[in-house]
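Undergrad: Got a structure here, written out as structure tokens. Questions coming.
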């Protein structure tokens, strides 16, 4: 009996230059052992429709084609199904896919062939779920700017980030961890489940998606030299060793934001909350990961 695959596909995701008809032909060739059913998101009631389609076909595998937002949509919709998901990176950045070692569409097909499943943690932040990264400060400011302009793509993001960090003043945050309150000053405060942004920048050098903890990273470069060192450290993997960064590991944390800094979760703006509570949700989802994920985690452990 042939296996069944549900392919949740966002047709307006990213700037990958791949025509939809070419993608669908690729799916048929690469997943020839599956009967594949395509579900195209529309932005209208997608979560409930995904559940209904899942119930109708009872798939052995769910592919999610899009960016981090599409992945989060599908994962949350199917949370109670205990199903196996795999990302097809079609977004502009696909940070969560990169955390799993899936950098290209070819990585997806290889991952499905190998079928290495990992139980991936998530973070509950107030009433929202975070699969990848959330942050206060200059990255959230960039997300806000991108939502109000036509600027898209990785080059636009990197170019904008340089000017944004220099124009951002450090803000005060209060962290309540294990009954202790710590006050930190930072230009960006990150709540990290994943280890890297879509740019490939390694923000959470020793963090893992499946270690039962998350990290709070406070970044406060004070000069151009600090910023250059911080940027280099993100790609070398030694950000924790920089004087401009502080890292806290925990299973839960309350963060107070008295200066009303912009906040985002997985690329979605959340306004300027005075306080957020973050709590780890261990082994929340099952994802197929690339072999590169296992190799990367061995290097970090």
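In this note's numbering, the protein residues as written are 1327 to 1627.
C-beta: ideal position from N, C-alpha, C; glycine also.
For clarity, every value in this text was computed on a predicted model and none was experimentally measured.
#1: By how many angstroms is the C-alpha of residue 1423 removed from the C-alpha of residue 1525?
#2: If residue 1332 and residue 1385 are in contact, beta carbons under 8 angstroms, what's the gap, nearest whole angstrom?
#3: Which residue marks the beginning of the alpha helix (DSSP H) containing residue 1421, and which one marks its end?
#4: Which same chain residues, not among the five before or five after residue 1533, have their C-beta less than 6 angstroms away from its C-beta?
#5: Using C-beta distances below 6 angstroms, list every residue in its chain close to residue 1611, excluding the 5 sequence neighbours before and after it, in chain order.
#6: From residue 1417 to residue 1392, what distance separates their C-alpha atoms?
#7: Whole angstroms is fine: what's the gap from residue 1535's alpha carbon to residue 1553's?
#8: Please state whether the Cβ-Cβ distance between residue 1510 and residue 1572 is less than 8 angstroms.
#9: Considering just the uninterrupted stretch of the alpha helix (DSSP H) at residue 1397, what are its terminal residues?
#10: So what does DSSP say about residue 1452, is it helix, strand or coil?
#11: Under 8 angstroms, do residue 1329 and residue 1360 count as touching if we go by C-beta distance?
#12: Between the stretch 1600 to 1619 and the stretch 1426 to 1443, can you find at least three pairs of beta-carbon atoms closer than 8 angstroms?
#13: Between which two residues does the beta strand (DSSP E) holding residue 1574 run?
#14: In the DSSP output, which residue or residues are listed as bridge partners for residue 1390?
#15: Please classify residue 1337 as buried or exposed, where buried requires at least 16 other C-beta atoms within 10 Å of its C-beta.
#16: Put residue 1438 into one of helix, strand or coil per three-state DSSP.
TA: A quick look at the data gives this:
#1: Position 199 of the chain shown, counting from 1, holds the residue named residue 1525. Position 97 of the chain shown, counting from 1, holds the residue named residue 1423. If I take the Cα positions, the gap works out to 12 angstroms.
#2: Looking up residue 1332 in the chain shown gives position 6. Looking up residue 1385 in the chain shown gives position 59. Correct: roughly 4 angstroms between the Cβ atoms.
#3: One-based indexing of the chain shown puts residue 1421 at position 95. Here the alpha helix (DSSP H) through residue 1421 covers 1421 to 1425.
#4: As a working mapping, residue 1533 is identified with position 207 in the chain shown. Here the set comprises 1518, 1521 and 1541.
#5: Here residue 1611 refers to the residue found at position 285 of the chain shown. Once the five neighbours on either side are set aside, the close Cβ partners of residue 1611 are 1401 and 1446.
#6: Counted from its first residue, the chain shown places residue 1417 at position 91. Counted from its first residue, the chain shown places residue 1392 at position 66. Distance between the alpha carbons of residue 1417 and residue 1392: 5 angstroms.
#7: Indexing the chain shown from 1 puts residue 1535 at position 209. Indexing the chain shown from 1 puts residue 1553 at position 227. Whole-angstrom Cα-Cα distance: 27 angstroms.
#8: What you label residue 1510 is simply residue 184 of the chain shown in a count that begins at 1. What you label residue 1572 is simply residue 246 of the chain shown in a count that begins at 1. Cβ atoms of residue 1510 and residue 1572: closer than 8 angstroms.
#9: As a first step, residue 1397 must be located in the chain shown, where it is residue number 71. From DSSP, the alpha helix (DSSP H) with residue 1397 extends over 1394 to 1403.
#10: Residue 1452 sits at position 126 when you count from the first residue of the chain shown. Residue 1452 carries a coil assignment under DSSP once its states are collapsed to helix, strand and coil.
#11: What you label residue 1329 is simply residue 3 of the chain shown in a count that begins at 1. What you label residue 1360 is simply residue 34 of the chain shown in a count that begins at 1. Going by C-beta atoms, residue 1329 is nearer than 8 angstroms to residue 1360.
#12: Here the stretch 1426 to 1443 lies against the stretch 1600 to 1619, with 3 or more beta-carbon pairs under 8 angstroms apart.
#13: As a working note, residue 1574 is residue 248 in the chain shown. Where residue 1574 is concerned, the enclosing beta strand (DSSP E) stretches over 1571 to 1576.
#14: Within the chain shown, the letter at position 64 stands for residue 1390. DSSP lists 1334 and 1413 as partners of residue 1390.
#15: By one-based count along the chain shown, residue 1337 stands at place 11. Burial call: exposed.
#16: Position 112 of the chain shown, counted from the first residue, corresponds to residue 1438. Three-state result, residue 1438: helix.
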